[in-house]
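**Q** Here it is, the structure in full.
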Amino acid sequence: MLNIVSIAVRVVRRVELEPAINNPHLASSLQDFWGKRWNLMVTNILRLAVYDHVRLVIVDRIPRKWAPIPAVLATFFVSGLMHELFFYYIGRLKPSGEAMMFFLIHGVALSVEIAIKKMFNGKFLVPRIISGVSRVELEPPFDEPYLASSLQDFWGKRWNLMVTNILRPTVYDPVRSIVADRISRKWAPLPAVLATFFVSGLMHELIFNYNGRLMPNGEYILFFLIHGVALSVEIVIKKISNGKFFVPRIISCPLALAFIFFTSCWMFFPSFLRGNTEFKACSESIAFFKFIRYGQLISPTNITCPLL
Numbered sequence: 004m005l006n007i008v009s010i011a012v013r014v015v016r017r018v019e020l021e022p023a024i025n026n027p028h029l030a031s032s033l034q035d036f037w038g039k040r041w042n043l044m045v046t047n048i049l050r051l052a053v054y055d056h057v058r059l060v061i062v063d064r065i066p067r068k069w070a071p072i073p074a075v076l077a078t079f080f081v082s083g084l085m086h087e088l089f090f091y092y093i094g095r096l097k098p099s100g101e102a103m104m105f106f107l108i109h110g111v112a113l114s115v116e117i118a119i120k121k122m123f124n125g126k127f128l129v130p131r132i133i134s135g136v137s138r139v140e141l142e143p144p145f146d147e148p149y150l151a152s153s154l155q156d157f158w159g160k161r162w163n164l165m166v167t168n169i170l171r172p173t174v175y176d177p178v179r180s181i182v183a184d185r186i187s188r189k190w191a192p193l194p195a196v197l198a199t200f201f202v203s204g205l206m207h208e209l210i211f212n213y214n215g216r217l218m219p220n221g222e223y224i225l226f227f228l229i230h231g232v233a234l235s236v237e238i239v240i241k242k243i244s245n246g247k248f249f250v251p252r253i254i255s256c257p258l259a260l261a262f263i264f265f266t267s268c269w270m271f272f273p274s275f276l277r278g279n280t281e282f283k284a285c286s287e288s289i290a291f292f293k294f295i296r297y298g299q300l301i302s303p304t305n306i307t308c309p310l311l
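Residue numbers for the sequence shown follow the numbering used here, beginning at 4 and rising by one.
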């Protein structure tokens, strides 16, 4: 939501706002998450107001190498205290200390992480295999889909990029090549788009049938076909107008997201929820952990999930 507000302000007022988050799902450590990716505005405030001051005071009493640790603990303590006050102000409930405990645990864990790195001069690998994997640049699965300006932008560049990159060479490109010999190359993308969305819908039917053990009802195929048709119409309009048909981003963004949200609530989520997927996932997880811990083979159908 903050990123959407940032985009709106940038478009309307031409003022560049600092991003609130920076791909936190790609964080490689607690230090990376809290220091460079999550709630950056608060991070910058706490760094100046708490961390730097505590570190300057402590550095005269302990070695400079270890001064960041008490500064980190103090920063997380203040953050926990502010969250307690914030939730008390919002909910008018007596502070339970849970928010404070959460941030102190993260402060301690981050301090341990810093200590390990300093003891090994930044060369500590836990283990080397994980380090080797972490040094490989992985493609992010999403690219801020809530900022999509059109269906073409959403499905082609922002949502589930791994699947997009699989469907493009396996379905879209072959269909487009075949059709290009029979119709104008200008319109060849249209049947390729429809075929791609049909295959995507079919795969979703199979996946949820496998997970939920429910008879496919065609809702997923219909959902993706509707999006395929809508995206095809979008492509046609762009091609007919030679790219001159322009809708301001501040208008096209909400329209695209509203269409996606409406069709998802209409056809995608109801079928998913009817399968009681969350209950099955919970009961199967409990059955698995009971087998690992006690060696008991229990059918998930005989387990009641305590969380639901």
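All C-beta atoms in this analysis are idealised placements derived from N, C-alpha and C, irrespective of residue type, glycine included. Quick caveat: nothing in here was measured; it's all calculated off a predicted structure.
1. Can you tell me whether Pro192 is buried or exposed, with buried defined as 16 or more other CB within 10 angstroms of its CB?
2. Is the segment 195-203 touching the segment 226-236 in the sense that three or more CB pairs, one from each, lie closer than 8 Å?
3. I'd like the span of the alpha helix (DSSP H) that includes Thr78, first residue to last.
4. Which residue wins for smallest C-alpha separation from Lys68, given the options Phe123, Pro27, Gly38 and Gly110?
5. Please say whether Met44 and Lys80 have beta carbons closer to each other than 9 Å?
6. Taking the alpha-carbon of Ala284 as reference, which of Tyr175, Phe211, Arg50 and Asp146 has the nearest alpha-carbon?
7. Hey, out of Trp162, Leu209 and Leu154, whose CA is closest to Pro143's CA?
8. State yes or no: is the C-beta of Gly231 within less than 9 Å of the C-beta of Val196?
9. In chain order, what residues of the same chain have a beta carbon less than 8 Å from the beta carbon of Val75, not counting five sequence neighbours either side?
10. For Gly315, which residues of its own chain have a beta-carbon under 7 Å away from its beta-carbon, when the five flanking residues on both sides are left out?
11. Taking the alpha carbon of Val239 as the point to measure from, which residue in Gln155, Phe282 and Phe264 has its own alpha carbon closest?
12. Helix, strand or coil for Met218, going by three-state DSSP, please let me know.
13. Taking 7 Å as the limit between beta carbons, can you name the residues of its chain near Ala77, skipping five residues before and five after?
14. Can you say whether Trp269 is buried or exposed, counting buried as having 16 or more other CB atoms within 10 angstroms of its CB?
15. Just checking my contact of Ile24 with Asn42 at CB under 8 Å: how many whole Å lie between their CB atoms?
16. Enumerate, from N- to C-terminal direction, the unbroken alpha helix (DSSP H) stretches of 4 or more residues contained entirely within the segment 142-199.
17. Can the beta-carbon of Thr1 be found closer than 9 Å to that of Gly215?
18. Taking the beta carbon of Ile263 as the centre, do at least 16 other beta carbons fall within 10 Å, making it buried, or is it exposed?
19. From what residue to what residue does the alpha helix (DSSP H) around Ile61 run?
20. Specify the secondary structure class of Lys247 as computed by DSSP and reduced to three states.
21. With Ile65 as the anchor, note down where its alpha helix (DSSP H) starts and where it stops.
22. How many angstroms separate the CA atom of Ser187 from the CA atom of Ser274?
23. Does the Cβ of Val239 lie closer than 8 Å to at least one heavy atom of the ligand HEM?
24. When the Cα of Met218 is compared with those of Thr266, Leu164, Arg277 and Ser152, which residue comes out closest?
25. In terms of alpha-carbon separation, which member of Met85, Lys189 and Lys97 lies closest to Ser235?
26. What are the start and end residues of the alpha helix (DSSP H) that includes Thr304?
27. Within 10 angstroms of its Cβ, does Phe291 collect 16 or more other Cβ (buried), or is it exposed?
28. Who are the near neighbours of Ile132 in its chain, counting only those whose CB is closer than 7 Å to its CB and skipping five residues on each side?
29. Who are the Cβ neighbours of Phe271 in its own chain at under 6 Å, not counting the five residues just before and after it?
30. Indicate the three-state DSSP secondary structure (helix, strand or coil) for Lys97 in the structure shown.
31. Going by CA-CA distance only, name the one from Arg40, Met85, Gly298 and Leu51 that's closest to Asn26.
32. What's the call for Phe106, buried or exposed, on a 16-neighbour Cβ count within 10 Å?
**A** Looking at the coordinates:
1. By one-based count along the sequence shown, residue 192 stands at place 189. Buried, because 16 or more other Cβ atoms sit within 10 Å of the Cβ of Pro192.
2. yes
3. Residue numbering aside, residue 78 sits at position 75 when the sequence shown is read from its first letter. Looking at the DSSP string, the run of the alpha helix (DSSP H) that includes Thr78 is Pro71 to Gly94.
4. As a working mapping, residue 68 is identified with position 65 in the sequence shown. Cα-wise, what sits closest to Lys68 is Phe123.
5. In the sequence shown, residue 80 corresponds to position 77, counting from 1. In the sequence shown, residue 44 corresponds to position 41, counting from 1. For clarity, residue 80 is Phe in the given sequence; the question names Lys instead. No, they are not a contact pair.
6. For this step, residue 284 is matched to residue 281 along the sequence shown. Ranking Tyr175, Phe211, Arg50 and Asp146 by Cα distance to Ala284 puts Phe211 first.
7. In the sequence shown, counting from the first residue as 1, residue 143 sits at position 140. The option with the nearest alpha carbon to Pro143 is Trp162.
8. To locate residue 231, count along the sequence shown from 1; it is residue 228. To locate residue 196, count along the sequence shown from 1; it is residue 193. Closer than 9 Å, so yes.
9. Within the sequence shown, residue 75 is the residue found at index 72, counting from 1. Closer than 8 Å at the Cβ level, and outside the excluded window around Val75, lie Tyr54, Gly110, Leu113, Ser114 and Ile117.
10. Only positions 4 to 311 of the chain appear in the structure, and residue 315 is not among them; the question remains open.
11. In the sequence shown, the residue the question calls residue 239 occupies position 236. Among Gln155, Phe282 and Phe264, the Cα nearest to that of Val239 belongs to Gln155.
12. Stepping through the sequence shown from its first residue, residue 218 is reached at position 215. Three-state result, Met218: coil.
13. Indexing the sequence shown from 1 puts residue 77 at position 74. Correct list, in chain order: Val53 and Val57.
14. In the sequence shown, the residue the question calls residue 269 occupies position 266. When all chains shown are included, Trp269 counts as exposed.
15. Sequence index remark: in the sequence shown, residue 24 carries index 21 (1-based). Sequence index remark: in the sequence shown, residue 42 carries index 39 (1-based). Right, the Cβ-Cβ distance comes to about 7 Å (below 8 Å), so this counts as a contact.
16. 164-170 and 176-183
17. Nothing about residue 1 can be reported from this structure: the residues present for the chain run from 4 to 311 only.
18. For the purposes of this step, residue 263 is taken as the residue at position 260 of the sequence shown. So Ile263 counts as buried.
19. Position 58 of the sequence shown, counted from the first residue, corresponds to residue 61. Where Ile61 is concerned, the enclosing alpha helix (DSSP H) stretches over Asp55 to Ile61.
20. Within the sequence shown, the letter at position 244 stands for residue 247. Coil at Lys247, not helix or strand.
21. Taking the sequence shown and counting its residues from 1, one reaches residue 65 at position 62. Per DSSP, Ile65 belongs to no alpha helix (DSSP H) and is neither H nor E.
22. Stepping through the sequence shown from its first residue, residue 187 is reached at position 184. Stepping through the sequence shown from its first residue, residue 274 is reached at position 271. For Ser187 and Ser274, the distance between alpha carbons rounds to 38 Å.
23. You won't find the ligand HEM in this model; it holds no ligand whatsoever.
24. Reading the sequence shown from its first residue, position 215 is the one you call residue 218. Here the closest residue by C-alpha is Arg277.
25. Here residue 235 refers to the residue found at position 232 of the sequence shown. Closest by alpha carbon: Lys189.
26. Within the sequence shown, residue 304 is the residue found at index 301, counting from 1. Counting along the chain, Thr304 falls outside any alpha helix (DSSP H), and DSSP gives it neither H nor E.
27. The residue given as residue 291 occupies position 288 in the sequence shown. Result: exposed.
28. Taking the sequence shown and counting its residues from 1, one reaches residue 132 at position 129. With a pLDDT of only 48 at Ile132, under 50, the local geometry of the prediction cannot be trusted, and the value read off the model is given with reservation. Excluding positions up to five away in sequence, the list is empty.
29. Stepping through the sequence shown from its first residue, residue 271 is reached at position 268. Answer for Phe271: Phe226, listed in chain order.
30. Along the sequence shown, read from residue 1 onward, the residue named residue 97 stands at position 94. Coil.
31. Here the question's residue 26 lines up with position 23 in the sequence shown. Nearest C-alpha to Asn26: Arg40.
32. In the sequence shown, residue 106 corresponds to position 103, counting from 1. When all chains shown are included, Phe106 counts as buried.
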